[in-house]
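Chains as they are written, first to last, in this note's numbering: chain A, 480 to 688; chain B, 480 to 688.
Read the structure below first, then the notes.
Protein chains: 2
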Amino acid sequence: MQLYDFKMAPNARRVRIFVAEKRLDIPKIDVDLGSRAQLHEAYLEINPLGEVPALVLDDGTVLTESTAICHYLEEVCPDPPLCGRTPLERAQMMMWDRRVEQHGFAAVAEAFRNSNPFFTDRSVTGPMDFPQIPALAERGKQRFANFLNFMEQRLGETEFVGGVCYGIADITALVTIDFARTIKGRIGENQANLQRWYAAVSRRDSAQA
Amino acid sequence: MQLYDFKMAPNARRVRIFVAEKRLDIPKIDVDLGSRAQLHEAYLEINPLGEVPALVLDDGTVLTESTAICHYLEEVCPDPPLCGRTPLERAQMMMWDRRVEQHGFAAVAEAFRNSNPFFTDRSVTGPMDFPQIPALAERGKQRFANFLNFMEQRLGETEFVGGVCYGIADITALVTIDFARTIKGRIGENQANLQRWYAAVSRRDSAQA
Chain A
480 MQLYDFKMAP
490 NARRVRIFVA
500 EKRLDIPKID
510 VDLGSRAQLH
520 EAYLEINPLG
530 EVPALVLDDG
540 TVLTESTAIC
550 HYLEEVCPDP
560 PLCGRTPLER
570 AQMMMWDRRV
580 EQHGFAAVAE
590 AFRNSNPFFT
600 DRSVTGPMDF
610 PQIPALAERG
620 KQRFANFLNF
630 MEQRLGETEF
640 VGGVCYGIAD
650 ITALVTIDFA
660 RTIKGRIGEN
670 QANLQRWYAA
680 VSRRDSAQA
Chain B
480 MQLYDFKMAP
490 NARRVRIFVA
500 EKRLDIPKID
510 VDLGSRAQLH
520 EAYLEINPLG
530 EVPALVLDDG
540 TVLTESTAIC
550 HYLEEVCPDP
560 PLCGRTPLER
570 AQMMMWDRRV
580 EQHGFAAVAE
590 AFRNSNPFFT
600 DRSVTGPMDF
610 PQIPALAERG
620 KQRFANFLNF
630 MEQRLGETEF
640 VGGVCYGIAD
650 ITALVTIDFA
660 RTIKGRIGEN
670 QANLQRWYAA
680 VSRRDSAQA
C-alpha cells in the first residue's frame with residue numbers, strides 16, 4: 480500500500496493518526512498542496528476530485544475519502560479496534576464521527592478556506608475554482624464555537640467522543656481542534672471536559688502523526 | 480425500533496429507501512419540520528442537534544445521522560447487502576457514498592437552504608439560527624452542475640454508483656437528484672449514463688419510500 484499525503488492537510492492527518500494507532504507502516508508519497516500538485520494531471524489520474532489523502536492498494540486500486548480509507552484499514556487490520564467493537568458501538572462511533580465532521584470539521588474548513596489569502600478563488604477543494612464567501616467564513620467561526628459547547632457537554636458524559644473507548648471520532652475531533660488554530664479557534668479555559676479530553680488524546684504517540 | 484421521520488426531508492428519505500430495500504417494517508413517528516417540531520424540547524431530548532431522522536432502538540438508545548443508521552441496519556439485517564460484500568467493496572461503496580454526499584447532496588442543500596424563503600435565518604440545520612448567504616446558494620447550484628458531470632462520467636464506467644451492485648451510494652445519489660428539483664436542478668438530456676441509471680433506480684419499489 481502507498482498513501483498520498485500532505486503534512487498540513489487535516490484530512491490526511493486523520494488517516495495518519497489512524498495508521499499510527501494501528502501500528503501500520505505505510506509508505507507515504509508527498510503531494511505538495513502548497514504548489515497545488517493535487518491539481519496536476521498526474522494526481523488527478525489518481526483522484527479526479529483533486530483531494531488528499533488517497534490510499535493505493537497493492538493491486539493499484541485507489542481509495543479516497545479519509546473515512547472510507549480508515550474503515551478499510553479497520554477491516555483488514557482489526558486490532559486495536561478504532562471504529563467500535565459491536566454493531567451498536569460501531570453505529571454510535573460513526574454517528575459521533577459524523578457529528579464532529581458536520582458541525583466541527585466542516586465549520587473550521589468553511590471558515591479557513593473562505594478567509595485565508597492562499598485560498599482566494601479556491602474556497603472549495605478540487606479542480607474547479609470558486610471565489611471566497613466572507614459571510615461563510617464568519618458563519619464557520621460561529622458554528623465552531625457552538626461545536627465546542629456541544630463537545631464540552633458530550634465529554635461531561637463520556638470519556639471519549641465516540642463512547643467508552645478511544646476511536647475514530649476522537650481522531651476527527653482532535654484534528655478539528657488543531658485545525659481550528661488556523662482560524663484562531665481555541666478550547667475555552669472554562670471548558671474543563673474538553674480540556675481533559677484534549678490533553679489525553681494529544682498525549683498519545685499517534686497525535687504526532 | 481421506531482424511526483423519527485419527515486416525508487419531505489431528504490436525509491429521512493435516505494433511511495426510508497434503505498429500510499424498504501431491507502424489507503424491514505419499522506414504525507415511523509412524524510416530526511413536522513413544517514412547524515419546526517424538530518426544535519421543540521421533546522424532540523431535542525431525542526436529538527439535541529434538532530435533525531431528522533433518528534432511530535430509537537428497543538432499549539431506548541437513539542441513533543442519528545442517516546449514514547450511521549443505515550450502517551447499523553446493515554449489520555443487524557445483512558440481506559440484501561447494500562454497503563458492499565467484502566472489505567474492498569465496502570470501502571469503495573463508502574467512498575462513493577461520501578463523494579455523492581460532499582459534492583452532490585451538500586451542494587443541493589446549500590443552494591436550497593440559502594435561497595428558499597422558508598429558511599430565512601435557517602440556513603443551517605439545528606437549534607441555532609444563521610442567516611441565508613445568497614452567494615452560497617449560487618455556489619451550490621454550480622457545484623451541483625459539476626456533480627452531474629462527475630456522475631455522468633462515473634456511470635459510463637459502472638452500472639451503479641458504488642460499483643457492480645446497487646447500494647447505499649445509489650440511494651444517496653437518487654435522493655440528491657430528486658432533492659435538486661427544489662433548486663430546479665435536472666439531469667441533462669445528453670447525460671445518457673445518468674438517465675439510464677436514474678430510470679433504473681427510480682423503477683425500484685423502494686424509490687417510492
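Every residue, glycine too, gets a C-beta built ideally from N, C-alpha and C.
Element boundaries [beta strand (DSSP E), containing residue i]
i       : result
I508(A) : K507 to D509
Q481(A) : Q481 to D484
T543(B) : V541 to T543
A533(B) : A533 to V535
Residue from the options with nearest C-alpha to residue i
i       : options                               : result
A590(A) : W676(A), V531(A), Q481(A) and A659(A) : A659(A)
Q481(B) : D538(B), E520(B) and H519(B)          : D538(B)
E617(A) : V587(A), T565(A) and E524(A)          : V587(A)
A547(B) : P557(A), C549(A) and P566(A)          : P566(A)
P489(A) : D657(A), R569(A) and R601(A)          : D657(A)
T655(B) : Q621(B), F626(B) and G635(B)          : F626(B)
Q674(A) : I662(A), R633(A), P606(A) and V643(A) : R633(A)
K663(A) : W676(A), F623(A) and G641(A)          : F623(A)
I647(B) : L523(B), S545(B), G513(B) and R515(B) : S545(B)
K620(A) : T661(A), W676(A) and V680(A)          : T661(A)
Y551(B) : L615(B), R601(B), V494(B) and A679(B) : V494(B)
P559(A) : W676(A), Y645(A), Y677(A) and N669(A) : Y645(A)
R465(B) : E568(B), V555(B), R682(B) and N628(B) : As displayed, chain B neither begins before 480 nor continues past 688, which places residue 465(B) out of reach and without an answer.
R516(B) : W676(B), T540(B), P606(B) and N669(B) : In the sequence on display, residue 516(B) carries Ala and not Arg. Among W676(B), T540(B), P606(B) and N669(B), the Cα nearest to that of A516(B) belongs to P606(B).
T637(A) : N669(A), W676(A), R564(A) and R601(A) : W676(A)
V555(A) : A585(B), E568(B) and T540(B)          : E568(B)
Cβ-based burial, residue i [other Cβ within 10 Å; buried from 16]
i       : result
L503(B) : exposed
F639(A) : buried
M630(A) : buried
H479(A) : Because chain A is modelled from 480 through 688, residue 479(A) falls outside the range shown and cannot be assessed.
L599(B) : The sequence as given places Thr at residue 599(B); Leu does not occur at that position. It counts as exposed.
D511(B) : exposed
V579(A) : buried
D576(B) : buried
N593(A) : buried
H519(B) : exposed
G667(A) : exposed
G513(A) : exposed
V680(B) : buried
C549(A) : buried
Where the alpha helix (DSSP H) through residue i begins and ends
i       : result
L615(B) : P613 to R633
V654(B) : I647 to F658
A516(B) : Unbroken run through A516(B): none, as it is neither H nor E.
R675(B) : A671 to R682
F497(B) : P489 to E500
Q591(B) : Note on residue identity: the sequence assigns Phe, not Gln, to residue 591(B). Residues A585 to R592.
M607(A) : Note, M607(A): premise wrong, no alpha helix (DSSP H); not H, not E.
Q571(A) : P566 to V579
Residue i and residue j closer than 8 Å at C-beta
i       : j       : result
I508(B) : V498(B) : no
M574(B) : C562(B) : no
F485(B) : V531(B) : yes
F597(A) : V603(A) : no
P496(B) : I650(B) : The question names Pro, but residue 496(B) is Ile in the sequence shown. Yes, Cβ-Cβ distance for I496(B) and I650(B) is below 8 Å.
A533(A) : Y483(A) : yes
E553(B) : S685(B) : no
A570(A) : L542(B) : yes
N672(B) : G642(B) : no
A688(B) : R492(B) : yes
L615(B) : I612(A) : yes
is_contact[residue i, chain E] using C-beta, thresh 8 Å
i       : result
R622(A) : Absence of chain E from the displayed structure is noted, the protein chains being A and B.
When Cβ atoms are compared, which residues of the stretch 545-568 of chain A fall closer than 8 Å to chain B? T546, A547, I548, H550, Y551, E554, V555, P566 and L567
Please list the residues of the stretch 518-543 of chain B that have a C-beta atom closer than 8 Å to any C-beta atom in chain A, keeping them in chain order. P527, L528, L536, T540, L542 and T543
Interfacial residues, the stretch 608-620 of chain B to chain A, with Cβ spacing under 7 Å: F609, I612, A614, L615 and R618
Please list, in chain order, the residues of the stretch 568-579 of chain A that have any C-beta partner in chain B closer than 9 Å. R569, A570, Q571, M572, M573, M574, W575, D576, R577 and R578
Chain-ordered residues of the stretch 486-498 of chain A with a beta carbon less than 9 Å from chain B: none
Quick one, which residues of the stretch 655-686 of chain A are near chain B if we go by CB-CB under 9 Å, in chain order? none
For the stretch 625-643 of chain B, enumerate the residues whose C-beta is nearer than 7 Å to any C-beta of chain A, in chain order. N625
Pull out every residue of the stretch 582-595 of chain A whose Cβ sits closer than 8 Å to any Cβ of chain B, in chain order. H582
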